[in-house]
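Chains as they are written, first to last, in the working numbering: chain A, 7 to 333; chain B, 7 to 333.
2 protein chains.
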Amino acid sequence: MKHIINDKKIAIEAMLHSYQFEHQGRLSIDLKDHIIYYKKDSGVSLISGGGSGHEPAHFGYVGKGMLTASVNGALFTPPYPDRIMRAVELTDNGDGVLFIVKNFASDVEMFTEAKKRAEASGHKVEMVIVCDDVSVENKDTYSKRKRGVAGTVLAHKILGYFSQIGKSLTELKVIADEFIPHLYTLGVALSSAELPNTDRFFSLGENEVYYGIGIHGEKGYRKESFESSEQLAIELYNKLKKLHQFKQGEHYAFLINGLGATPLLEQYVFTHDIQRLAVLDKINIDFIKTGTQLSSYNMQGISLTCLKLTDPLFEIALQADVDASHW
Amino acid sequence: MKHIINDKKIAIEAMLHSYQFEHQGRLSIDLKDHIIYYKKDSGVSLISGGGSGHEPAHFGYVGKGMLTASVNGALFTPPYPDRIMRAVELTDNGDGVLFIVKNFASDVEMFTEAKKRAEASGHKVEMVIVCDDVSVENKDTYSKRKRGVAGTVLAHKILGYFSQIGKSLTELKVIADEFIPHLYTLGVALSSAELPNTDRFFSLGENEVYYGIGIHGEKGYRKESFESSEQLAIELYNKLKKLHQFKQGEHYAFLINGLGATPLLEQYVFTHDIQRLAVLDKINIDFIKTGTQLSSYNMQGISLTCLKLTDPLFEIALQADVDASHW
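In structure tokens:
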């Protein structure tokens, strides 16, 4: 497979450099440490990050009303603690820092170490771990297999709103603990991602799909012969319905996420199938968004995120205006 | 190849339905005629459209400061005149209508016929034909091979701004005639698009690229063995440089457009190569934007658009705030 890059080692820097050039005036860059950020005069700094290859996550969500900084690691590899620590130094104005971390062992390890170091330097830091992937139905909430995937973008948006309106670090942590347990995502692959100079992570037959895949090439729970968008919608929707135990009149937010190489037309066709299923169950879709929000590089596939809106404020947070390029 | 759709015949309707549902309150839909629009109290209505399969073009650009309506045809097939005429009826508030049309024979034919009918019904209509594709170096400005491609999105933005600040239909036509001759685009494919139930339009070797391709599977001008992003950047940049005759100190806007299946990381790496070439030539990049703005469905590839900013107002127009989901 052809990849439009030069040297793999400098691809991340080239990407961040040109992204910040596009958004100069609004966003700043620490090129050495792969950080995109902006300066807030007051309010909690929200820092997220992880491996590269998931664009537009996370730098596309840096801006007023969403993240304060993103830190990029290498392809599918989280950033080192010193880089995260540098993002803390660049953005903490004294009101503290909240890390929003996708639940992968190595991501959690890097951010935990950075938290320790930042606290030792006098910063107030809290950490929120997003673990929305329900592909492995494990009852341990923070089991290693309950990965952090596309739902993380909703967490950025909700927490970004509450930070913007002045909530404290302690309050943000309470808010996160309130909605994250109700945030579920399930994905399906039509093809594996393929990184530069790397083999495909798994192979699928010409007409096969793979349910429950992760965003780093992790394998799914079942392969099946592909028929239609509706077939995929029914599988993903029903799994989330069962976990949420949808009841008539309840309020939900949905995110339909293209995993990289899925045409927007197909993402919206799938969305239409989800909407029709929600109508049958008489649940309220108070918020819905479709797009390539957290990709698995060039994977063909889609994921469905469903958040139960246990508080009307969460809908307000999702609908609020924001100054981020890719929300 | 697998496509996340159900029946090909209703895919466009499903897509438009779910897009409008996402943007309800801000945008309206005429589902029968495949129109996404909003109501302007005053000012010229800007209507664009064309075949589907180029998402987010054009519905992603409907909103305050950009298009007033978009009309979708079938996949890679322009809409019929009666649908365009319907968009005129829905959005003309008496200040007239400007059609922004990509230069393909059938698109021009459909919009010309709609213009005739709209004028017969008493509407004031002007038409702007975007012909930015320079892959065939033909001196006839409106030659059939001088197609309308990604530069069309810059035309939406510039004309949308001037419509928003109250320019008349006649003035908008004059403005379009001023910048469109300086709007050039050139693309390269790493793979052919592949529509549902259709074969690939052309085939490329495992390590081959194709310069000068169109957005509907039209063939390019040269195949070459692929080496790097820099190689592609040099080919596209130098062709545009030669046509514009770049001179030190001149002002330009660039659009780097992913053609569908190209990861954002690769788009930004390519952008970085373009920036470096522009620095060598000492031209000013006053505006730059990278993203999948006008796709060729699931084609892997990229295009480079370069607009010479003959008036500082064009930069202001490109930078102005806008209420469109995909700008």
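From the three backbone atoms N, C-alpha and C, an ideal C-beta is built for every residue, glycine too.
Check                                                                                                                     : Outcome
Coarse secondary structure for Glu256(B), derived from DSSP in three states                                               : coil
Listed by chain order, chain B residues near Glu28(A) by CB distance under 7 Å                                            : Ile294, Lys295, Thr296
Reduced DSSP category for Gly66(A) - H, G, I as helix; E, B as strand; rest coil                                          : helix
Entirely enclosed alpha helix (DSSP H) segments - the segment 175-233 of chain B, minimum 4 residues                      : 175-185
Partners in chain B for His23(A), counting only beta-carbon separations shorter than 7 Å                                  : His278
With 16 other Cβ atoms within 10 Å as the buried cut-off, status of Arg228(A)                                             : exposed
Neighbourhood of Asp39(A) by C-beta distance below 6 Å, restricted to the same chain and skipping five residues each side : Arg89, Arg92
Given 8 Å, three or more beta-carbon pairs between the segment 215-226 of chain A and the segment 275-287 of chain A      : no
C-beta atoms of Ala75(B) and Leu300(B) nearer than 8 Å                                                                    : no
Beta carbon proximity, Gly59(A) to chain B, threshold 8 Å                                                                 : yes
Residue-chain proximity (Thr268(A), chain B), Cβ-Cβ < 8 Å                                                                 : yes
8 Å Cβ cutoff, Asn12(A) in contact with chain B                                                                           : yes
Assigned exposure category for Pro85(B) - 16 Cβ within 10 Å defines buried                                                : buried
Host alpha helix (DSSP H) of Asp36(B) (start-end)                                                                         : It is not in any alpha helix (DSSP H) - Asp36(B) instead sits in the beta strand (DSSP E) that spans 34-36.
Contact with chain A by Val275(B), beta-carbon distance below 8 Å                                                         : yes
Chain A contact for Glu272(B) (CB, 8 Å cutoff)                                                                            : yes
Where Thr277(B) falls, given that 16 or more other Cβ within 10 Å makes a residue buried                                  : buried
Residue-chain proximity (Asn304(B), chain A), Cβ-Cβ < 8 Å                                                                 : yes
Distance, Lys253(A) Cα to His9(A) Cα                                                                                      : 46 Å
Own chain residues within Cβ distance below 7 Å of Ala323(A), not counting five before or after                           : Lys163, Ile164, Tyr167, Phe168
Proximity of Leu313(B) and Ile262(B) at Cβ, strictly below 8 Å                                                            : no
Continuous alpha helix (DSSP H) assignments of at least 4 residues falling wholly in the segment 292-328 of chain A       : 318-325
Alpha-carbon to alpha-carbon, Pro87(A) and Gly56(A)                                                                       : 11 Å
Test: Lys46(A) CB closer than 8 Å to a CB of chain B                                                                      : no
Whole-angstrom distance between Asp138(B) and Pro187(B), CA atom to CA atom                                               : 8 Å
Chain B contact for Ser235(A) (CB, 8 Å cutoff)                                                                            : yes
Nearest neighbour of Glu184(A), chosen from Ile135(A), Gly69(A), Leu238(A), Thr118(A) [CA to CA]                          : Ile135(A)
Chain-ordered neighbours of Ile308(B) on chain A, where CB pairs are closer than 7 Å                                      : Ile10
Contact list for Asn213(A) against chain B, beta-carbon separation under 8 Å                                              : Lys8
C-beta neighbour in chain B for Met17(A), strict 8 Å                                                                      : Per the sequence shown, residue 17(A) should be read as Ala rather than Met. Yes, contact with chain B.
Endpoints, alpha helix (DSSP H) assigned at Tyr43(B)                                                                      : Counting along the chain, Tyr43(B) falls outside any alpha helix (DSSP H), though it belongs to the beta strand (DSSP E) covering 41-43.
Residue span of the alpha helix (DSSP H) that contains Val77(A), given as start and end                                   : That residue, Val77(A), is in no alpha helix (DSSP H); its beta strand (DSSP E) goes 75-81.
Alpha helix (DSSP H) segment containing Gly172(A), residue limits                                                         : First-last for Gly172(A): undefined, no H or E at that position.
8 Å Cβ cutoff met for Val50(A) and Ser127(A)                                                                              : no
Counted within 10 angstroms of its Cβ, other Cβ atoms place Ala182(A) as buried (16 or more) or exposed                   : buried
Where Asp327(B) falls, given that 16 or more other Cβ within 10 Å makes a residue buried                                  : exposed
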